[in-house]
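Some notes on the structure that comes next.
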Amino acid sequence: MQTRLVVGCGSVGHDLVSALVDRPGVVSVLDENERRVKRLREEGVAATHVDCLDVATLETHADGVDTVVVAGDDPRENYRRATVASEAIPDAMLFAFAGLEPDETILSELRSLTDTLVEPGAVTGDFLHRRVGDEGLQARKLRRAFWAVDEPLAIVTHNNPDPDAIASAVALQRLAAVLGLEAEVCYYGRISHQENRAFVNLLEFDLTRLEPDADLGRFGGFALVDHSRPGVNDQLPKNTPVDIVIDHHPPRAPAEAGFVDLRSNVGATSTLLVQYLDQFGITIEETVATGLLFGIRVDTDDFTREVSTADFEAAGTVVEAADMDALDRVESPSISGDTLETIARAIANRERRGPVLTSCVGELSGRDALAQAADRLLNLEDVQATVVYGNIDGVVYVSGRARGTDLDMGETLRSAFDQIGSAGGHADMAGAQIPVVDTALDPATAEGTTEDREDESTDTDDTVDLTGDAEAFVAERFFEALQERPRGERTGLMPGGPFANDR
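Numbering (the working numbering) for the sequence shown: 174 to 676.
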């Protein structure tokens, strides 16, 4: 539980305390003004009157304190209190209000002493709420994580990155640059979806594609964005030490890193990066703003899927700086002939059981076409879930979509295929990959998926013999897993007993 100690409480400090007491954690106040302490107590605030705010006094109240807030009105007293706090509680984050009408000397001293300094012109309730609340503490922890990393930092997306992963990585690189740290955006696999290629090319993002045997020794640290574990949906060695993780997917296992921010209550990792850029007061450049806006729109399906208030707020923050003409061009790229052929085969080969539609497209030249085919088939009348699959180089890839139902597609695909391959994703958008026995391909070395498989385990070396009838095997395995799901998820998907085939 977060504990914040407010040292000195002037007019601004009173507003700040009023905002903080409604947030999770413990807030306590030390002040030399007895009348002010009495008023705070009447408002339900844990306030203590002290004769002097010195090192000895603060040390007696230091137990468990994460953040010290200096919030008096007198600039010189705030500087004295900040100096005392940094000595008495050196491991706590130090936040200070400069005071009313500070001179430049005081401002300079406070800037060098504190983690965050708020000057009078910036003081608003919202500003204070964001800077010293939970979000502000996370931002300061992230700053320290950056400073602990040796250069250069490799910012690694998941395999075959989607716009949310790319934009998040580019934004984190921008933040690193402001903090004086060299960073490189890296990915494994390919950016083969035509919309994603247009996204990178039009915005001229500088990305490094890593080969599976790439020399990683040249990097001083690693950050993961839009996924949370090395070796899971990327091709880093599983024992790679990770410094920073920022992701919005619920983890299948604990993420281990110096700094971890996993928030599954937002729809896009780009949303989290917008918040961090705002926390650090960084101007968001046009290309970065455009990328982040597109990342939010794609991962929330234009604010219709798993969207939160934070996603709307983040989009509102970047929309004015974004290049909307460039976004229009990104969203209207030419489609390849191979993709059209895959979609056509998915339509022709579809098998429908009630509101669930499956389709095997056979050999694939590119995997992104599967996701597009699954999306297209979901538009068919009365269809609530689609599963489309095909194979490349001895691996069967599966893309699943669901809407208008309580079905959790990610969990269903995990139940169906995790024991013989790997699977994962969202409730309404997920994917899997299954190695075929005749090539015995290790799934941990296969290229990861795009947005279908953003959080999955690849710990199994199992393979399955699909050489006989892959189409029947994958479809039946999926329906068996669907049958095992909680009844609430099957309601409406499995009406009245066995499915009836219906092309």
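The C-beta atom is built at its ideal place from N, Cα and C for all residues, glycine as well.
Local Cβ density within 10 Å of residue i, reported as buried at 16 or more and exposed below that
i    : result
N438 : exposed
P263 : exposed
L553 : exposed
L193 : buried
R317 : exposed
T278 : exposed
L513 : exposed
V257 : buried
Q592 : exposed
M497 : exposed
D288 : buried
C533 : buried
D541 : buried
D323 : exposed
N412 : exposed
E207 : exposed
Length of the line joining the Cα atoms of residue i and residue j
i    : j    : result
D635 : V491 : Residue placement at D635 is poorly supported in this model, since its pLDDT is 47, which falls under 50; the coordinates still yield a value, given next. Using only the alpha carbons, I get a separation of about 45 Å.
R177 : D204 : 14 Å
G464 : G440 : 15 Å
G561 : A483 : In the sequence as displayed, the identity of residue 561 is Val instead of Gly. Those two C-alpha atoms are separated by around 32 Å.
D628 : H331 : Confidence at D628 is low in this model, with a pLDDT of 37, below 50, so its placement is unreliable and no value can be given for it.
G186 : S281 : 21 Å
G598 : C182 : 47 Å
A499 : R370 : 13 Å
D246 : L283 : 14 Å
P325 : D399 : 20 Å
V609 : V568 : 6 Å
H222 : A321 : 38 Å
L614 : F590 : Its pLDDT being 36, under 50, L614 is placed unreliably by the model, and the measurement read from it follows with that caveat. When rounded, the distance between both Cα atoms is 15 Å.
A428 : V373 : 28 Å
G394 : H422 : 22 Å
L189 : E486 : 22 Å
E458 : T442 : 18 Å
A271 : L286 : 12 Å
L580 : N251 : 56 Å
Nearest to residue i (by Cα), restricted to the options the options
i    : options                : result
V433 : V418, P423, E368, S443 : V418
R576 : T477, G217, I516, R525 : T477
G604 : R574, D579, I593       : R574
P424 : S401, E653, D475       : S401
D501 : L586, E368, E584, A547 : E368
P414 : A396, S509, R209, V461 : A396
A645 : V179, N522, L189       : N522
R209 : V179, G198, D474       : V179
E389 : S201, E504, P410       : Here residue 389 is Leu; the residue named in the question, Glu, does not match the sequence. Of the candidates S201, E504, P410, the one whose C-alpha sits nearest the C-alpha of L389 is P410.
I364 : T473, D337, A344       : D337
Y570 : L551, L550, A312, A544 : A544
R313 : T559, G454, A426       : G454
E384 : V343, A255, N333       : N333
Nearest-angstrom beta carbon gap, residue j and residue i [assumed within contact, 8 Å]
i    : j    : result
Y361 : Q408 : 4 Å
F378 : A327 : Not quite, the Cβ-Cβ distance comes to about 16 Å (not below 8 Å), so this is no contact.
L267 : F319 : In fact, because the Cβ distance is near 18 Å, the residues do not count as touching under 8 Å.
L213 : V199 : Going by Cβ atoms, the distance from L213 to V199 rounds to 14 Å, so no, they are not a contact pair.
G527 : G563 : With 8 Å as the limit, G527 and G563 do not qualify as a contact, their Cβ atoms being about 23 Å apart.
Residues sharing a beta bridge with residue i, DSSP
i    : result
N564 : E536, V569
V180 : L203, V243
S285 : S285 pairs with nothing; no bridge assigned.
Y449 : Partner(s): none; Y449 has no beta bridge.
I419 : V398, D434
I328 : V358, A396
F270 : V291
Contact test: residue i Cβ vs the ligand NAP heavy atom, cutoff 6 Å
i    : result
D451 : In the structure on display, the ligand NAP does not appear, and there are no ligands present to speak of.
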